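*Asks:* According to mature numbering (1 follows the signal peptide of the UniProt record, and there is no 0), the residues represented by the sequence shown are -31 to -1, 1 to 476, in order. Just so you know, even glycine gets a beta-carbon here, dropped at the ideal spot from N, CA and C. As the structure is a prediction and not an experimental result, all values here were calculated from the model. Pasting in a structure now, in structure tokens, and then I'll have a few things to ask.
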Amino acid sequence: MNPLSRRQFLASSSVLVGGLALDFAAPAAFASSGMRFDEYRKHDATALAALVRSGQVSAAELLELAIARTEQVNPAINAVVLKHYDLARASLKNLKPEGPFAGVPFLLKDLGVSMADTVTTQGSRFFRDARNASDDPFVSNARQAGLVIFGKTNTPEFGSSPSTEGTLFGATHNPWDPKHSAGGSSGGAAAAVAAGIVPVAHASDGGGSIRIPSSACGLFGLKPSTGLVPLGPAGSSSVGVISAQHVVARSVRDSAALLDALAKRNPGGEYERQAGEGSYLDQVKREPGKLRIALMHDPLLPFPVSASCRAAVDAAARHCQALGHDVVEATPPIDMKAAMAAGGTINCLKVSDRITAYEKLLGRPVRQDELEPVNFELLAWGRRITPEQRQQAIAGLDQLRQQMAQFMSRYDLILSPTIVEEPPLLGVLDMNLPLDKFGPLATRDSVFTTLFNFTGQPAMSVPLHWSDSGLPVGVMFAGRFGEERTLIRLAAQLEQAHPWFDRLPPV
């Protein structure tokens, strides 16, 4: 058989998932030499890596496409805030060709990770010159997978908001409608993927920060169980109790394969745990079996759910029933006010621990004008927390996890809205507001997602619905602790039955 031409390879680059074809690259009139952006955008990361391995495209070619797309759309969406183009070009000579994603362009979130010879600002004026001496475990694993890191994406300061708006870099605009938020705190990552800059991007989640932007931007976003993906030094404080690292993606198989690559053991990690046996990618081709799904329409705090979000979750329930799953109305008997009190203590400690460590490094205290007003209040609060209160908060979350484990013994998954409303207009979640004004707004937009940070369970936002106004509205599934495989199987099944890959924003 003659080798496939580049045109034939690209045009036939569909994949088998569960025995059925999902076309990630539709047939088109491809250029005879040099990949065009419209070709690039039709491929997920898995397909792009296959093109590199086959020699049909080069890693350098993909990188330049990603850089060109950044320069084209970033002025409108403000997703990429730190550009490491020259470092990325230089890194190609050390590319790991055996990596499953060798040559695929990739963006880090400007929060919670350390990449050698670059700054991580945490979205903060105080950290704007915080240079990293070495790669942390997440970045090392990403490089081992062959990903080519060429920049960092926007985040609100310290990830303290469900909308990506801040003083240092400004707001990220939703590619579906620039008047609206792209979610937070991984809003820059989600906007970059939705706009076609990269097929996947790093994201982290300490209260919904993978799932909320995924919902807002029409992406698939899986928050792994606490500790599955190494947190590294940036997550070694109390935040390690509730935070998780992974990616936002356009395809389920990309998310699954990257979980295989990123969930590697981090010796000595305080909250890290050993990944389970078997490949996450293999789950994409496995049927989930008949699942018992608890349907939770309303949050555990008295916030109303919009008609579009309610319609989204009802449609998802019908989809699951049509696929043969049992869906029953059920709500976990959780005292969410107590959970929020414990989680609030943890989040204040996260802010104060991070700032205190950097103050020691600089040899001076932070100034009030170097922080968002909300975070300056959280810092003051965190410094009033006693060691006993810290332990009480951790113990409270442990008790919550036990209660949730009992509830989950009767169900495989929980289905709920991801958020209570469509992505809000920019400016609503303003971190210049007093904390007593900002706090209820942020709680409202993360009330469904935060629960599963407190319990440590894996949870995913799946892009199955768009509102009448054209904005994406995700739905969330949460599984038992450590059972990402069940979520991935169901996600792949839903992706096959109700594909979303070709739904693109107008940017």
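What number of angstroms, rounded off, separates the C-alpha of Leu77 from the C-alpha of Phe95?
*Replies:* Here the question's residue 77 lines up with position 108 in the sequence shown. Here the question's residue 95 lines up with position 126 in the sequence shown. Whole-angstrom Cα-Cα distance: 20 Å.
*Asks:* Do you know how far the Cα of Ala151 is from the Cα of Asn143?
*Replies:* Within the sequence shown, residue 143 is the residue found at index 174, counting from 1. Within the sequence shown, residue 151 is the residue found at index 182, counting from 1. Taking the straight line joining both Cα atoms gives about 4 Å.
*Asks:* Check this for me: beta carbons of Leu347 and Ala308, under 8 Å apart or not?
*Replies:* By 1-based counting over the sequence shown, the position of residue 347 is 378. By 1-based counting over the sequence shown, the position of residue 308 is 339. Their beta carbons are not under 8 Å apart, which means Leu347 does not touch Ala308 by this criterion.
*Asks:* Could you pull the start and end residues of the beta strand (DSSP E) that Trp435 belongs to?
*Replies:* Position 466 of the sequence shown, counting from 1, holds the residue named residue 435. It spans 428 to 435 - the beta strand (DSSP E) in which Trp435 sits, taken as one unbroken run.
*Asks:* Just list the beta strand (DSSP E) runs in the stretch 17 to 56, keeping only unbroken ones of 3 residues or longer that don't cross its boundaries, in chain order.
*Replies:* Within the stretch 17 to 56, the complete beta strand (DSSP E) runs of at least 3 residues are 49 to 52.
*Asks:* Just checking my contact of Val343 with Leu404 at CB under 8 Å: how many whole Å lie between their CB atoms?
*Replies:* Stepping through the sequence shown from its first residue, residue 343 is reached at position 374. Stepping through the sequence shown from its first residue, residue 404 is reached at position 435. With 8 Å as the limit, Val343 and Leu404 qualify as a contact, their Cβ atoms being about 6 Å apart.
*Asks:* Which same chain residues, not among the five before or five after Glu452, have their C-beta less than 7 Å away from its C-beta?
*Replies:* Counting from one through the sequence shown, the residue named residue 452 turns up at place 483. Only Pro427 meet the Cβ criterion.
*Asks:* State the start and end residues of the unbroken alpha helix (DSSP H) segment that holds Val88.
*Replies:* In the sequence shown, the residue the question calls residue 88 occupies position 119. Segment: none, Val88 is in no alpha helix (DSSP H) and carries neither H nor E.
*Asks:* Could you tell me whether the stretch 385 to 395 touches the stretch 424 to 442, where touching means 3 or more Cβ pairs closer than 8 Å?
*Replies:* Enough Cβ pairs lie closer than 8 Å, so yes.
*Asks:* Are the beta-carbon atoms belonging to Ala164 and Val73 less than 8 Å from one another?
*Replies:* Here residue 164 corresponds to residue number 195 of the sequence shown, with the count starting at 1. Here residue 73 corresponds to residue number 104 of the sequence shown, with the count starting at 1. No, the pair does not count as a contact, with Cβ atoms beyond the cut-off.
*Asks:* Does the stretch 330 to 342 come into contact with the stretch 281 to 291, if we say contact requires no fewer than three beta-carbon pairs (one atom in each stretch) closer than 8 Å?
*Replies:* Judged by Cβ distances under 8 Å, the stretch 330 to 342 makes no contact with the stretch 281 to 291, as fewer than three pairs qualify.
*Asks:* For Ala295, report the span of its beta strand (DSSP E) as first-last.
*Replies:* Within the sequence shown, numbered from 1, the residue matching residue 295 stands at position 326. Reading off the sequence, residue 295 comes out as Asp, not Ala. Segment 295 to 298, the beta strand (DSSP E) holding Asp295.
*Asks:* Quick one: give me the first and last residue of the beta strand (DSSP E) that Ser438 is part of.
*Replies:* Residue 438 sits at position 469 when you count from the first residue of the sequence shown. Where Ser438 is concerned, there is no enclosing beta strand (DSSP E), given that its DSSP letter is neither H nor E.
*Asks:* Would the stretch 116 to 125 count as touching the stretch 359 to 373 if we require 3 or more Cβ pairs under 8 Å?
*Replies:* No contact exists between the stretch 116 to 125 and the stretch 359 to 373.
*Asks:* Run through DSSP, which three-state label would Ser1 get?
*Replies:* Locating residue 1 in the sequence shown gives position 32, where the first residue counts as 1. A caution first: Ser1 carries a pLDDT of 43, below 50, which makes its placement in the model unreliable, though a value can still be read off. It is coil, neither helix nor strand.
*Asks:* Keeping to the same chain, check which residues put their C-beta closer than 6 Å to that of Leu116; ignore five residues upstream and five downstream.
*Replies:* Reading the sequence shown from its first residue, position 147 is the one you call residue 116. So the list reads Phe70, Val73, Phe75, once near-sequence residues are dropped.
*Asks:* Comparing alpha-carbon positions, which option in Pro66, Cys278, Gly176 lies nearest Thr419?
*Replies:* Along the sequence shown, read from residue 1 onward, the residue named residue 419 stands at position 450. If we check each option's Cα against that of Thr419, Gly176 comes out closest.
*Asks:* Considering Asp146, what are the terminal residues of the beta strand (DSSP E) in which it resides?
*Replies:* Position 177 of the sequence shown, counted from the start, is the residue given in the question as residue 146. Taken as a continuous stretch (DSSP letters only), the beta strand (DSSP E) holding Asp146 covers 146 to 150.
*Asks:* Looking at the structure shown, is Asn143 part of a helix, part of a strand, or coil, going by DSSP?
*Replies:* Taking the first residue of the sequence shown as position 1, residue 143 is located at position 174. Three-state DSSP puts Asn143 in a strand.
*Asks:* Please return the same chain residues whose Cβ sits closer than 8 Å to the Cβ of Leu260, not counting the five positions on each side in sequence.
*Replies:* Within the sequence shown, numbered from 1, the residue matching residue 260 stands at position 291. Excluding positions up to five away in sequence, the list reads Cys289, His294, Asp295, Asp381, Leu382, Thr455, Leu459.
*Asks:* Indicate, with yes or no, if the ligand MG has a heavy atom lying under 7 Å from the CB of Ser224.
*Replies:* As far as ligands go, the structure on display features none, and thus does not contain the ligand MG.
*Asks:* Within a Cβ cutoff of 8 Å, which residues of the same chain sit near Thr300, ignoring the five residues on either side of it in sequence?
*Replies:* For the purposes of this step, residue 300 is taken as the residue at position 331 of the sequence shown. Counting only Cβ-Cβ distances below 8 Å, and skipping sequence neighbours, we find Ala263, Met265, Asp267, Leu269.
*Asks:* Based on the DSSP output, what are the partners of Gln368 in its beta bridges?
*Replies:* As a working mapping, residue 368 is identified with position 399 in the sequence shown. Answer is none; Gln368 lacks a bridge partner.
*Asks:* Which whole runs of the alpha helix (DSSP H) in the stretch 379 to 466 are 4 residues long or more, in chain order?
*Replies:* Counting only runs of 4 or more, we get 404 to 424, 453 to 466.
*Asks:* Thinking C-beta only, is Lys148 closer than 8 Å to Leu318?
*Replies:* Counting from 1 along the sequence shown, the entry for residue 318 is found at position 349. Counting from 1 along the sequence shown, the entry for residue 148 is found at position 179. Not closer than 8 Å, so no.
*Asks:* Terminal residues of the continuous beta strand (DSSP E) containing Lys121?
*Replies:* Mapped onto the sequence shown, residue 121 falls at position 152. That run of the beta strand (DSSP E) goes 117 to 122.
*Asks:* Between the alpha carbons of Leu231 and His171, how many angstroms are there, rounded?
*Replies:* By 1-based counting over the sequence shown, the position of residue 231 is 262. By 1-based counting over the sequence shown, the position of residue 171 is 202. Their backbone Cα atoms lie some 11 Å apart in a straight line.
*Asks:* Can you give me the start and stop residues for the alpha helix (DSSP H) that Val169 sits inside?
*Replies:* Locating residue 169 in the sequence shown gives position 200, counting from the first residue. Where Val169 is concerned, there is no enclosing alpha helix (DSSP H), although the beta strand (DSSP E) it sits in stretches over 169 to 174.
*Asks:* How would you call Ser103, buried or exposed, if buried means at least 16 neighbouring beta carbons within 10 angstroms?
*Replies:* Start at 1 with the first residue of the sequence shown, and residue 103 comes out as number 134. Answer is exposed; the Cβ neighbour count stays below 16.
*Asks:* Nearest to Ala57 by CA position, among Gly24, Gln25, Thr89, Arg112, is which residue?
*Replies:* Here the question's residue 57 lines up with position 88 in the sequence shown. Considering only alpha carbons, the answer is Arg112.
*Asks:* For Asn401, which residues in the same chain have their Cβ closer than 6 Å to its Cβ, ignoring the five residues on either side in sequence?
*Replies:* Sequence index remark: in the sequence shown, residue 401 carries index 432 (1-based). Counting only Cβ-Cβ distances below 6 Å, and skipping sequence neighbours, we find Pro342.
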